[in-house]
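Read the structure below first, then the notes.
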Amino acid sequence: MIETQDITGLVLAGGRGSRMGGVDKGLQSFRGLPLALHTLMRLQMQTGATMVNANRNLAAYEAFGAPVWPDVLADYAGPLAGFLTGLERCETPWLLTVPCDTPLFPLDLAQRLAAAADAQDADIAMAAAPEDDGTGHTTVRTQPVFCLLRVDLLESLVAFTQAGGRKIDAWTAQHRCAIVAFDQPGDDPKAFFNANTLAELHSLENTSAPQASRAS
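Here the sequence shown is numbered in my numbering, starting from -17 and rising by one per residue.
Set out below in structure tokens:
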């Protein structure tokens, strides 16, 4: 059984924010709070410890009260750089990654991912959620930035990134991975909607967000 205290939550706020015009996405306002702080507070309800991965404005992130760690890889290498940073700093058996731009992620995310990892003896548990496939139909797709990772995977991820690997799916495919679909009755269809632009963020803030889109 994976207990709450066995999990450290990591907010991924280290991106360039290019689709928001280069602003620091995690510091944009959402319901009166910085987006990353809103995400952090939601994560703190589910995990034993938390930390933030950020590459800019570190003092602003440190003011949230959780440890802040920049990427250990150079040049904004993407979410896997955040995974690697988190695994290197994690002091619990499991690390749960969550992007800063998806502030309505489920409050039972950690519980459901942990239950699946435990039941399937998996090294990774990844969320999946309904998305519009572009043709008016809905399909359940994996959300690879929402991952519960066994800390023992650090050595594997170091080797993968040192070889130039940057795609989450390509790395997780090397390990036992449990997929958890958040498409049950009562699950919020907007839970995994990520705000890539300021307009999308304002739409989400007003709780009239479009259908969930792939986190990036």
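Note that CB positions come from ideal geometry on N, CA and C, so glycine has one too.
Which two residues bound the contiguous beta strand (DSSP E) that contains residue i?
i        : result
Gln125   : Thr120 to Arg132
Ala(-10) : Note that residue -10 is Thr in the sequence shown, not Ala. That run of the beta strand (DSSP E) goes Ile(-11) to Ala(-5).
Could you pull out every residue in the same chain whose Cβ sits closer than 7 Å to the Cβ of residue i, ignoring the five residues on either side in sequence?
i      : result
Arg38  : Asp6
Trp153 : Leu62, Leu139, Phe142 and Gly147
Quick one: what's got a C-beta closer than 8 Å to residue i's C-beta in the same chain, skipping five residues either side?
i      : result
Gln156 : Ser138 and Phe142
Thr74  : Gln(-13), Asp(-12), Ile(-11), Thr(-10), Gly30, Ala31 and Val133
Using three-state DSSP, classify residue i as helix, strand or coil.
i      : result
Ala18  : helix
Pro61  : helix
Ala163 : strand
Thr67  : helix
Met33  : strand
From residue i to residue j, what distance separates their C-alpha atoms?
i      : j      : result
Pro167 : Asp90  : 14 Å
Arg122 : Ala111 : Checking the displayed sequence, the identity of residue 122 turns out to be Val instead of Arg. One C-alpha to the other measures close to 5 Å.
Leu66  : Tyr43  : 19 Å
Leu78  : Gly118 : 32 Å
Gly60  : Glu182 : 21 Å
Along the alpha helix (DSSP H) that carries residue i, what are the first and last residues, could you check?
i        : result
Glu113   : Looking at the DSSP string, Glu113 is not in any alpha helix (DSSP H); the run it does join, the beta strand (DSSP E), is Ile106 to Asp114.
Ile(-16) : Segment: none, Ile(-16) is in no alpha helix (DSSP H) and carries neither H nor E.
Val140   : Leu136 to Gln144
By Cβ distance below 6 Å, which residues in the same chain neighbour residue i in space, the five residues on each side in sequence not counted?
i      : result
Ala160 : Ala98, Ala99, Gln102, Ala104 and Ala107
Arg94  : Val162
Asp83  : Lys7, Asn176 and Ala177
Kindly say whether residue i, judged by its beta-carbon, lies nearer than 9 Å to any beta-carbon of chain D.
i     : result
Ala92 : The structure shown contains no chain D; it holds only a single protein chain.
Beta strand (DSSP E) runs wholly inside the stretch 74 to 101, at least 3 long, in chain order: 76 to 81
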